[in-house]
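Chains A and B, in that order, are what the protein sequence lines are. Under the numbering used here, the first residue of the first sequence carries the number 183, and numbering increases by one thereafter. Under the numbering used here, the first residue of the second sequence carries the number 3, and numbering increases by one thereafter. Glycine included, C-beta positions come from ideal geometry on N, C-alpha and C. Below: one structure, written as structure tokens.
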Amino acid sequence: MSTISGQFRHTWTAIRALAILTVVLGIIFPLAITAIGQVAFPAQANGSLVKVDGKVVGSSLIGQSWVDADGNALPEWFQSRPSAAGDGYDGGASSGSNYGPENPDLIQAIKDRQAAISASDGVSVAQIPADAVTASGSGLDPHISPAYALLQVDRVAKARGLDAADVKSLVESKIQGRDLGYLGEPTVNVLQLNIALSTLK
Amino acid sequence: MTANVWLFIAQLATIAVILVLVYRPLGDYMAMVFTSPKNLRVERGFYRLIGVNAASEQSWPAYLRSILAFSAVGILVVYAMQRVQEILPYSLGLPATSEHLSFNTAISFVTNTNWQSYSPDVTLGYTVQFAGLAVQNFVSAAVGIAVAVALVRGFAYKRSGTIGNFWVDMTRSTLRILLPFSVLAAIILLAGGVIQNFSGFQDVSTIAGGSATIPGGPVASQEAIKLLGTNGGGFFNANSAHPFENPTPWTNMVQILLMLVIPFALPRTFGRMVGDNRQGLAIAGTMATLFAVSVSLMTWAELHGAGTAPQLAGAAMEGKEDRFGIIGSTIFGTTSTITSTGAVNSMHDSFTSLGGGMAMLNIMLGELAPGGVGSGLYGILMIAIIAVFVAGLMVGRTPEYLGKKIGAREMKLASLYILATPTLVLAGTALSFAIPAVRSDVTSTSIWNPGLHGFTEVLYAFTSAANNNGSAFAGLTANTPWFNTALGVAMLLGRFLPIVFVLALAGSLAKQDRVPVTNGTLPTHRPQFVVLLLGVIVIVTALTYFPVLALGPLAEGLL
């Protein structure tokens, strides 16, 4: 009898405790952080949006695909990595491929991607860096490796009728080093590179 | 390769230096939090509202009943919120989730697991995430810390019938530790680019003439406690691989440190509360050694990049983000699995066989190097009891730990503790293939990768669930009635059975007097004890899991 009433008391305490904590941790806390974010870091809190001529064209943190309506790579833009988010770079469905290292579908996909890049960019398969033929964890990777960016210079320059040396120096100016010199890997932000590219004459 | 070795060492050294600097002040602060007789004014008001006398301590059964009542209410609330999602504000037009998914997710967040059978981007609105799930991120972590503190009191108290007051421990963990540090962490993450808004999905036209979707959400507030409370449930499907959750290499380092800081400082709290800081140092040293070995092995495996696909591509970059690279991915992956976090910044399903195997092995070790908040400390103390017993058998000494005799009752409870989760892991995996109807569903619907790797997906799921980790070989489609139910049960029992044994042990230790230290006492603060403890951890895990590991990652990696 005392155990049953004891358990009832525990439960009644638990209900009240959770109700109060939900208000504090579930409502006040996120709203307070939202207020801090909107006042102190509005650019970051709203998604690091990138504007061209006053119009939002994307986020510097969310990768995009550079393909035509049929999904074919547009040669005049630097290409992002392969993506497993939706049909590719779907910001509403972040995802990796989750293919294991021996999965025959992944092995075939890597071969196909290597063949496609080899054909479009006129390079040998051995020159193609790993990130160019593998999908990222999020499917929204905004970056490519400097090696993959430099590999695409000749193709992009030719498609746009630009001097390859100018495009190459543009890419080199967009290479971001490791944070503090030792965290992460050097990268090139594809959206920022392509925006700069579109103003190159 | 040499450059990679130096980059790895530099990052590991950064982690080590920061943890060493924080060890003492944070550990001492937490000891003060749990021993201070004073209540803050806001806490006094809270105790009055919930009808708790903060000055009265509880016996272990009462302490346990409070935890179970609090967790049961939590499960019901999170379940109900998902079932009525469409009428809640900021539902993003998403419908209620199914019964079995709501069951699984409710248990998952209340047990500090954060297993996600669903893809949050397309399943959950904002209200369920911040008012349901994130609240449990705080309080489930607080429950873990409370249980650890109760066990430490078992060692510290003499001839006592009580082990503390759950409501006080939970409240202080939340208000004095988790909440203030989460505010700080959220602000740092905001500065690094993590989003915090209520904008929903935003469609924009790209400069190439296409369109792109930019997601929104109150992410930074959830991200902070996701890591600090070793919860791990992502706001987005891609978790910490998503650039809005983890935008840069330095936020990646911050996230790694957030997962490690409380579990690595709790041994200091333990040493402080039992009145011998060297005891805490021995535990922290054991954790650090195991962590260093484990992270080195996973990093080696991924940099080495064995396997057909990584060799063909030139590196194991499938499922990894360019900004983190391989080293930033393996340090995060090890941290997340060797604590009980289960967050991922790269897809473990796509790791090399041995690298992915290391992630699973970290969980199988019992997540105690340093483990989850609280659960890591009580986990390693249970193994320490077994180590003392083993040493006692070898030299013929009466086993005792910190002046408490390890008798038949204590050994039974410690043995039950180490048997509980492996039983759930192995039984769950076996049943998935043994029940004919389930087997055909598992192999045709759930498993994503063919062959041995597919078996590993199922083994990883039960390992992760029963140990309350929450990471996955995410190719597995777990949103099925079988997996939602079986993994839900595994999470529930994997969380609360060990807690029952820990609290029962705390009760029986607290009752004892302290026996004085003699020549015959095994010193438990010396390096020899660290080696013994490491040996026991490895042997217990190896004996339990070697056969099943041989069927999955070892076979795939070595054949």
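Residue i, DSSP secondary structure in three states
| i | result |
| --- | --- |
| residue 124 of chain B | helix |
| residue 402 of chain B | strand |
| residue 340 of chain A | helix |
| residue 296 of chain A | helix |
| residue 371 of chain A | strand |
| residue 437 of chain B | coil |
| residue 192 of chain A | helix |
| residue 326 of chain A | strand |
| residue 503 of chain B | helix |
| residue 364 of chain B | helix |
| residue 178 of chain B | helix |
| residue 298 of chain B | helix |
| residue 273 of chain A | coil |
| residue 142 of chain B | helix |
| residue 84 of chain B | helix |
| residue 460 of chain A | There is no way to answer for residue 460 of chain A, as the model of chain A reaches only from 183 to 383. |
| residue 183 of chain A | Residue confidence is low: residue 183 of chain A scores 39 on pLDDT, short of 50, so the model does not pin down where it sits. No coordinate-derived value is stated. |
| residue 192 of chain B | helix |
| residue 251 of chain B | helix |
| residue 169 of chain B | helix |
| residue 452 of chain B | coil |
| residue 325 of chain B | coil |
| residue 59 of chain B | coil |
Cross-strand partners of residue i (DSSP beta bridge)
| i | result |
| --- | --- |
| residue 233 of chain A | A:238 |
| residue 320 of chain B | Beta-bridge pairing links residue 320 of chain B to no other residue. |
| residue 214 of chain B | B:206 |
| residue 365 of chain A | A:361 |
| residue 281 of chain B | Answer by DSSP bridge pairing: none, since residue 281 of chain B is not bridged. |
| residue 220 of chain B | B:198 |
| residue 407 of chain B | B:402 |
| residue 249 of chain A | A:255 |
Check whether residue i and residue j have beta carbons under 9 Å apart
| i | j | result |
| --- | --- | --- |
| residue 58 of chain B | residue 167 of chain B | yes |
| residue 343 of chain B | residue 234 of chain B | yes |
| residue 327 of chain A | residue 308 of chain A | no |
| residue 238 of chain B | residue 320 of chain A | yes |
| residue 247 of chain A | residue 278 of chain A | no |
| residue 623 of chain B | residue 138 of chain B | As displayed, chain B neither begins before 3 nor continues past 561, which places residue 623 of chain B out of reach and without an answer. |
| residue 69 of chain B | residue 145 of chain B | yes |
| residue 361 of chain B | residue 434 of chain B | no |
| residue 246 of chain B | residue 269 of chain B | no |
| residue 338 of chain B | residue 345 of chain B | yes |
| residue 208 of chain A | residue 123 of chain B | no |
| residue 465 of chain B | residue 427 of chain B | yes |
| residue 2 of chain B | residue 517 of chain B | No answer is possible for residue 2 of chain B: it lies beyond the span of chain B, which begins at 3 and ends at 561. |
| residue 29 of chain B | residue 267 of chain B | yes |
| residue 403 of chain B | residue 526 of chain B | yes |
| residue 479 of chain B | residue 102 of chain B | no |
| residue 224 of chain B | residue 135 of chain B | yes |
For this session: Check each residue of the stretch 310-331 of chain B: if its Cβ is closer than 7 Å to any Cβ of chain A, include it; give the result in chain order.
Result: Listed in sequence order: 310, 311, 312, 314, 315, 316, 317, 319, 320, 321, 322, 323, 324, 325, 326, 327 and 330.
Problem set entry | Segment contact flag, the stretch 54-68 of chain B with the stretch 93-103 of chain B, C-beta cutoff 8 Å, min 3 pairs | No: fewer than three Cβ pairs fall under 8 Å.
For this session: Can you give me, in chain order, the residues of the stretch 351-363 of chain A that have a beta carbon less than 8 Å from any beta carbon in chain B?
Result: Going along the stretch 351-363 of chain A in chain order, one finds 360, 361 and 362 with a Cβ nearer than 8 Å to chain B.
Problem set entry | chain A contacts made by the stretch 236-247 of chain B, where a contact means CB separation under 7 Å | Within the stretch 236-247 of chain B, the qualifying residues are 238, 239, 240, 243, 244, 245 and 246.
Problem set entry | Residues, ordered as in the chain, of the stretch 46-61 of chain B that lie near chain A by beta-carbon distance below 7 Å | Within the stretch 46-61 of chain B, the residues whose Cβ lies closer than 7 Å to some Cβ of chain A are 48, 51, 52, 53 and 54, listed in chain order.
For this session: Note down, in chain order, all residues in the stretch 432-456 of chain B with a beta-carbon under 9 Å from any beta-carbon belonging to chain A.
Result: Correct list: 450, 451, 452, 453, 454, 455 and 456.
Exercise. Would the stretch 259-268 of chain A and the stretch 220-235 of chain A be scored as touching if the rule is three or more Cβ pairs under 8 Å?
Worked result: Too few Cβ pairs lie closer than 8 Å, so no.
For this session: Indicate whether the contact test is met: 3 or more Cβ pairs, each with one atom in the stretch 64-78 of chain B and one in the stretch 109-120 of chain B, closer than 8 Å.
Result: Segments in contact, yes.
For this session: May I ask you to verify whether the stretch 531-540 of chain B touches the stretch 397-412 of chain B, counting CB pairs closer than 8 Å and requiring at least 3?
Result: By the C-beta criterion, the stretch 531-540 of chain B is judged not to be in contact with the stretch 397-412 of chain B, since fewer than 3 inter-stretch pairs fall below 8 Å.
For this session: Name, going along the chain, the residues of the stretch 238-250 of chain A whose beta-carbon falls closer than 9 Å to a beta-carbon of chain B.
Result: For the stretch 238-250 of chain A, the residues whose beta carbon sits under 9 Å from a beta carbon of chain B are, in order, 238, 239, 240, 241, 242, 243, 244, 245, 246, 247, 248, 249 and 250.
For this session: Anything in the stretch 302-336 of chain A with a Cβ closer than 8 Å to a Cβ of chain B? List those residues in chain order, please.
Result: Those residues of the stretch 302-336 of chain A that come within reach of chain B (Cβ to Cβ, closer than 8 Å) are 310, 311, 312, 313, 315, 316, 317, 318, 319, 320, 321, 322, 323, 324, 325, 326 and 327.
Exercise. Counting pairs of Cβ atoms below 8 Å between the stretch 453-470 of chain B and the stretch 491-505 of chain B, do you hit three or more?
Worked result: When Cβ pairs closer than 8 Å are counted between the two stretches, the stretch 453-470 of chain B is seen to touch the stretch 491-505 of chain B, the count reaching three or more.
For this session: Say whether the stretch 344-359 of chain B touches the stretch 347-364 of chain A, bearing in mind that this needs 3 or more beta-carbon pairs closer than 8 Å, one atom from each stretch.
Result: No: fewer than three Cβ pairs fall under 8 Å.
Problem set entry | Residues, ordered as in the chain, of the stretch 203-236 of chain A that lie near chain B by beta-carbon distance below 7 Å | Of all residues in the stretch 203-236 of chain A, 203, 204, 207, 208, 209, 211, 212, 215, 216, 218, 219, 223, 226, 227, 228, 229, 230 and 234 have a Cβ within less than 7 Å of some Cβ in chain B.
Exercise. Given 8 Å as the limit, is there contact between the stretch 324-336 of chain B and the stretch 251-260 of chain B, that is, 3 or more CB pairs closer than that?
Worked result: Remark: three or more beta-carbon pairs, one from each stretch, lie closer than 8 Å, so the stretch 324-336 of chain B and the stretch 251-260 of chain B are flagged as touching.
Problem set entry | Cβ-based contacts, 8 Å cut-off: residues of the stretch 276-294 of chain A near chain B | Correct list: 276, 277, 278, 279, 280, 281, 282, 283, 284, 285, 286, 288, 289, 292 and 293.
Exercise. When the Cβ atoms of the stretch 22-35 of chain B are set against those of the stretch 273-290 of chain B, are three or more pairs found closer than 8 Å?
Worked result: Contact check between the stretch 22-35 of chain B and the stretch 273-290 of chain B: three or more CB pairs, one atom from each, fall below 8 Å, which counts as touching.
Exercise. Three or more C-beta pairs closer than 8 Å, one from the stretch 285-301 of chain A and one from the stretch 307-321 of chain B: is that the case here?
Worked result: When Cβ pairs closer than 8 Å are counted between the two stretches, the stretch 285-301 of chain A is seen to touch the stretch 307-321 of chain B, the count reaching three or more.
For this session: May I ask you to verify whether the stretch 501-515 of chain B touches the stretch 148-158 of chain B, counting CB pairs closer than 8 Å and requiring at least 3?
Result: Two segments are said to touch when three or more pairs of C-beta atoms, one from each, lie closer than 8 Å; by this definition the stretch 501-515 of chain B touches the stretch 148-158 of chain B.
Problem set entry | Members of the stretch 350-373 of chain B that neighbour chain A once the beta carbon cut-off is set at 7 Å | Those residues of the stretch 350-373 of chain B that come within reach of chain A (Cβ to Cβ, closer than 7 Å) are 351, 352, 354 and 355.
Exercise. According to a CB-to-CB cut-off of less than 7 Å, which residues of the stretch 368-382 of chain A neighbour chain B?
Worked result: For the stretch 368-382 of chain A, which is checked against every Cβ of chain B, the residues closer than 7 Å are 369, 376, 377 and 380.
Exercise. Using a Cβ cut-off of 7 Å, which residues of the stretch 70-90 of chain B contact any Cβ in chain A, in chain order?
Worked result: Among the residues of the stretch 70-90 of chain B, those with a Cβ less than 7 Å away from any Cβ of chain A are 71, 72, 75, 76 and 79, in the order of the chain.
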